[in-house]
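When the letters of the sequence shown are read in order and numbered with this note's numbering, they come out as residues 25 to 399.
Each remark here refers to the structure printed beneath this line.
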Amino acid sequence: MKASTRFPITLLGLITLLLAAPYMQAIAGIDETKAPPGFELIRSENGVELYKKDYKGGSPDYVQVIDLRQGAKVVLLYGTISSSGSGKGAFGGNDPRFVSQSLKSYWQELTAEYDAAFCVTNGQFFFMQESPTRLPFSLKVNGKILSDGYEVKNFPNQKLMLELWEDHARIRTLTKGTLYTSSAPNIVAGLDEEARKRIDHFVGRTFVGVDDRNRDGRAEIVLIFNTLSARQKDAAQVLREFGADQVMMLDGGGSTQLTCDGQNYIASERLVPQALGIVAGPGKDILASSTKPAPTQVAAQATVPDAPAPTNIPEIAQAPIAELNSESSEVAAVQATQTQATLDLDSIAWIPVIILPIGLILFLVIKSRSAGTSD
Numbered sequence: 025m026k027a028s029t030r031f032p033i034t035l036l037g038l039i040t041l042l043l044a045a046p047y048m049q050a051i052a053g054i055d056e057t058k059a060p061p062g063f064e065l066i067r068s069e070n071g072v073e074l075y076k077k078d079y080k081g082g083s084p085d086y087v088q089v090i091d092l093r094q095g096a097k098v099v100l101l102y103g104t105i106s107s108s109g110s111g112k113g114a115f116g117g118n119d120p121r122f123v124s125q126s127l128k129s130y131w132q133e134l135t136a137e138y139d140a141a142f143c144v145t146n147g148q149f150f151f152m153q154e155s156p157t158r159l160p161f162s163l164k165v166n167g168k169i170l171s172d173g174y175e176v177k178n179f180p181n182q183k184l185m186l187e188l189w190e191d192h193a194r195i196r197t198l199t200k201g202t203l204y205t206s207s208a209p210n211i212v213a214g215l216d217e218e219a220r221k222r223i224d225h226f227v228g229r230t231f232v233g234v235d236d237r238n239r240d241g242r243a244e245i246v247l248i249f250n251t252l253s254a255r256q257k258d259a260a261q262v263l264r265e266f267g268a269d270q271v272m273m274l275d276g277g278g279s280t281q282l283t284c285d286g287q288n289y290i291a292s293e294r295l296v297p298q299a300l301g302i303v304a305g306p307g308k309d310i311l312a313s314s315t316k317p318a319p320t321q322v323a324a325q326a327t328v329p330d331a332p333a334p335t336n337i338p339e340i341a342q343a344p345i346a347e348l349n350s351e352s353s354e355v356a357a358v359q360a361t362q363t364q365a366t367l368d369l370d371s372i373a374w375i376p377v378i379i380l381p382i383g384l385i386l387f388l389v390i391k392s393r394s395a396g397t398s399d
């Protein structure tokens, strides 16, 4: 091949590589969880991951990463409704009473319906002074608004809702308008991270977050944080370090519980009226890296419920837990295990669009050069 022929072919080849490289790099990182230092991947199935961070002399943090694009899902579970409370809700809808039940019961309910059940954790706040109890904020399951919630005056501009679709999620402000016009079939509501629920105390915390990992404008990742001991800002910060764009606070204190594959990671005797079930996507297991059972963390139970603050709904019972020194007690940072990226056919559909025209140009150049040489 003549030098005059090799030059344009080489140039076009370099252009092809330069155009394709950033896209291929972006695709390779779409499904990779970049866990913060100290977090270790301890369980993983298709579309779901469970990370753990240990603290010397303290309680571990747990974070679940749920990829809705891979068919994983968040299922909203709730106890039996004993009365509808028709027309008594905050927005004119229902304010029903729910029978609280153990997290073990919710796990059995989840496994009975889903073979790929992964974890179950506590969910919404509730009014502890009543049994059956009511929810302060809204709950929508499978397209039906079960409860408006009863809370009207307190936490102005701090009520949020997690909207769940099949392949994406969103956290936004809870109002009558946003609730009743939302197309999301499943919604669970909670509070902003700045709402005063023992905000600076180290107590049990359950937070959720959403992450638009591929930056397409829709959050495909749901994150769930559980621990026996954290301040509100600590819980929110961990989720942001996992990539969360938005966060929301759920019930905490003695209500915080976590069970995965039937194993208690955070245990509590407290019965709760609502829970979150996590289900893996279709396909075989990717990893179960934890070969030894994790020690069960037991949520402390208060003997006397906290007195409700004048501006808050009745506070859940919480036991004082010793504050952790985050500087001296944290173990040396360990690089978290990274999951391998999974290619999605939809994500790589752009490749032929770029490669084919360049290939055609190469073909025409070679053909014209060959024709010139034969002449």
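Heads up, the beta-carbon is just placed ideally off N, CA and C, and yes, glycines get one too.
Fair warning: this is a prediction, and the values are worked out from it, not measured in the lab.
Give the DSSP-derived three-state secondary structure of residue i in the structure shown.
i	result
S68	strand
L127	helix
V296	strand
S206	coil
T157	strand
S415	The requested residue 415 is not part of the displayed model; the chain covers only 25 to 399.
A114	coil
D258	helix
S279	helix
A136	helix
G305	coil
K168	strand
L252	strand
R121	strand
Taking only heavy atoms of the ligand NAD into account, decide whether any of them is closer than 7 Å to the Cβ of residue i.
i	result
S162	Absent from the structure shown: the ligand NAD. Ligands present: none.
Return the CA-CA distance between residue i and residue j, expressed in angstroms with no decimal places.
i	j	result
L74	D91	12 Å
S253	A291	13 Å
E69	G111	43 Å
E137	E154	30 Å
S207	R194	11 Å
V98	L282	14 Å
Q148	K168	17 Å
K177	F122	22 Å
T202	G267	25 Å
I248	T199	23 Å
Y130	V246	20 Å
S108	V87	34 Å
S162	Y289	28 Å
Q132	A299	12 Å
F226	S106	34 Å
V232	L274	7 Å
D269	M185	14 Å
M272	D235	12 Å
Counting only the same chain and skipping the five closest in sequence on each side, list residues whose C-beta sits under 7 Å from that of residue i.
i	result
D191	L92, R93, E244
C284	R67, L74, F142, C143
E12	The structure shown does not extend to residue 12, since the chain is modelled only from 25 to 399, so the question has no answer here.
K164	L170, N210, I211
L295	S124, Q125, S126
G307	N70
F179	L215, A219
G117	I169, D172
R237	I54, E244, I245, G267
Evaluate residue i with the Cβ neighbour count: other Cβ atoms within 10 Å of its Cβ, from every protein chain shown; 16 or more gives buried, anything less gives exposed.
i	result
G22	Beyond the ends of the chain as shown, which are 25 and 399, falls residue 22; an answer cannot be given.
A21	Residue 21 cannot be examined here, being either before or after the span of the chain that is shown, 25 to 399.
I211	buried
T197	exposed
R239	exposed
E175	buried
K80	exposed
D139	exposed
G241	exposed
T205	exposed
E187	buried
G214	buried
N146	buried
G286	exposed
Mind checking if residue i is an interface residue toward chain D, Cβ cutoff 8 Å exclusive?
i	result
D78	The structure shown contains no chain D; it is built from a single protein chain.
Using a Cβ-Cβ cut-off of 6 Å (strictly less than) and excluding sequence neighbours within five positions of residue i, which residues of its own chain qualify?
i	result
T135	A141
F150	T157, L159, P297
A96	G71, V72, I90, A304, G305
Q256	E217, I223
G228	L252, G276, G277, T280, A323
I113	For the record, residue 113 in the displayed sequence is Gly; it is not Ile. So the list reads D119, D172, once near-sequence residues are dropped.
G301	V99, L101, L134, V144
G103	F122, V123, S124, Q125, P297
A259	R229, F231, F249
W189	A208
K76	E64, I66, P84, Y86
Take residue i and list the residues in its own chain whose beta-carbon comes closer than 8 Å to its own, dropping the five residues that flank it on each side.
i	result
N166	P209, N210
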